[in-house]
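Every number in this note's numbering is 377 more than the matching position in the sequence shown, counting from 1.
Quick reminder that beta carbons are idealized off the backbone N, C-alpha and C, glycines included.
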Amino acid sequence: MEAGLYLHIPFCKSKCAYCDFASYAGAEEKMGAYTAALEKEIAARAAQYPSVVISTLFIGGGTPSLFPAEEMDKVLRCVHRHFTFAENAECTCECNPGTVTEAFLAVLKKHGINRLSFGAQASQPHLLKLLGRIHLWEDVEQSVALAKRMGFHNLNLDLMLGLPTQTEQDVLCTLQKALVLPITHLSCYGLIVEEGTKMHRQVTEGLWQLPDEETERRQYEACRQTLFRHGFLQYEISNFALPGYPCRHNLDCWQRKEYIGIGCAACGFMGNLRYQNPPSLSAYLQGVPAEEEIISPEDAMFESMMLGLRTMDGVSEEAFFQMHGVSLQEAFGHKLQKPLQDQLILWENGRVFLTRKGMDLQNKVLVEIM
Numbered sequence: 378m379e380a381g382l383y384l385h386i387p388f389c390k391s392k393c394a395y396c397d398f399a400s401y402a403g404a405e406e407k408m409g410a411y412t413a414a415l416e417k418e419i420a421a422r423a424a425q426y427p428s429v430v431i432s433t434l435f436i437g438g439g440t441p442s443l444f445p446a447e448e449m450d451k452v453l454r455c456v457h458r459h460f461t462f463a464e465n466a467e468c469t470c471e472c473n474p475g476t477v478t479e480a481f482l483a484v485l486k487k488h489g490i491n492r493l494s495f496g497a498q499a500s501q502p503h504l505l506k507l508l509g510r511i512h513l514w515e516d517v518e519q520s521v522a523l524a525k526r527m528g529f530h531n532l533n534l535d536l537m538l539g540l541p542t543q544t545e546q547d548v549l550c551t552l553q554k555a556l557v558l559p560i561t562h563l564s565c566y567g568l569i570v571e572e573g574t575k576m577h578r579q580v581t582e583g584l585w586q587l588p589d590e591e592t593e594r595r596q597y598e599a600c601r602q603t604l605f606r607h608g609f610l611q612y613e614i615s616n617f618a619l620p621g622y623p624c625r626h627n628l629d630c631w632q633r634k635e636y637i638g639i640g641c642a643a644c645g646f647m648g649n650l651r652y653q654n655p656p657s658l659s660a661y662l663q664g665v666p667a668e669e670e671i672i673s674p675e676d677a678m679f680e681s682m683m684l685g686l687r688t689m690d691g692v693s694e695e696a697f698f699q700m701h702g703v704s705l706q707e708a709f710g711h712k713l714q715k716p717l718q719d720q721l722i723l724w725e726n727g728r729v730f731l732t733r734k735g736m737d738l739q740n741k742v743l744v745e746i747m
């Protein structure tokens, strides 16, 4: 059976203002111990799921490209020693501009990493400073150029919308600069201000004011139209790719396919079991076990809807029945009537999917079907 594999590298140079992920700045002295802990969990998870063939690998963070090349080499050697990979596996590593080195990329290349994702976010220095990023746009350009020289051809940039003080012209300028780079994929995410972050404190205290919904909607629509004109196809609410380059790892997650999570804070989903490793770096290094949850059939069906509706293809009647043994009509038919009447979704050709209006009001649709 095939499954995805996620590896979490939690180290960062500094904590971004908006970040609520498990990431730790100033903890470089723990990198060696973290490698050892990863190797131990890799062996244990492989023994737990001996028949799994890895179809996608995603190395996220944190800042994976901050991890020393020799430590990443140990981790990836261990992964390939314990897991079998599909011949056409998609293998992604997140990188932050300004931290990418030739030595690090050489290690990735040696171990079959064939896709890189750069956290670019914006091209304007004042927006990068507001976000707490440590790079400038020139670092993005240099990192992408280095990746191309090292033989990487499947490259993503992450961009952010809805930032305090950000204008539609800012978004278009960033897109212009991004589209002259040899990239195959763009992720355009709206800022979500999470409690406990520096950004949340700044907004609460009135230092920054978030743009209103209409402003963010115009920024998003500007992205959609610009990327369409440049040949990028939208395949998920926030994701756009040239033909043949959607991120398979993320698509598998949205289609509720199984994956193994390894590392501090990593989640895994196998069968009807979901688990999460401790988010605390010290707890993970001490070997605190993962928390586990058995997913009920009702929750599983709702997850299929919640995740599938993020994609342009939506939820397939056939795939839903194969996964749950219940028809989409039986499970959600009556709950979909109001979103259908409100033109938030369409039900055509055996699929339920969001309309353009529904993309802006996705939460309203999910409330209807909960």
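Within the DSSP secondary-structure output, residue 462 pairs in a beta bridge with 431. Looking at the DSSP output, residue 616 shares a beta bridge with 564, 613. For the 8 Å CB-CB criterion, residue 452 and residue 637 do not form a contact. One alpha carbon belongs to residue 552, the other to residue 738, and they sit about 25 Å apart. By the Cβ-count criterion, residue 671 is exposed, with fewer than 16 other Cβ atoms from all chains shown falling within 10 Å of its own Cβ.
Residue state for residue 511 is assigned as coil, using DSSP reduced to three classes. The three-state secondary structure of residue 419, taken from DSSP, is helix. Here DSSP, grouped into helix, strand and coil, assigns residue 581 to helix.
A check of alpha carbon separations from residue 708 across 694, 720, 721 identifies 694 as the nearest. In this structure, the CA atom of residue 489 is about 10 Å from the CA atom of residue 462.
Annotated three-state conformation of residue 380 is strand, per DSSP. The closest CA to that of residue 628, considering only 613, 427, 604, is found on 613. The three-state reading of DSSP puts residue 747 in coil, since its state is none of H, G, I, E or B. By DSSP's assignment, residue 692 forms a beta bridge with 729. Nearest C-alpha to residue 727 among 743, 704, 564, 439: 704. Counting only runs of 4+ residues, the alpha helix (DSSP H) found wholly inside the region 650-677 occupies 658-662, in chain order.
Here the alpha carbons of residue 597 and residue 732 stand approximately 15 Å from one another.
Residue 492: member of the beta strand (DSSP E) spanning 492-498, first to last residue.
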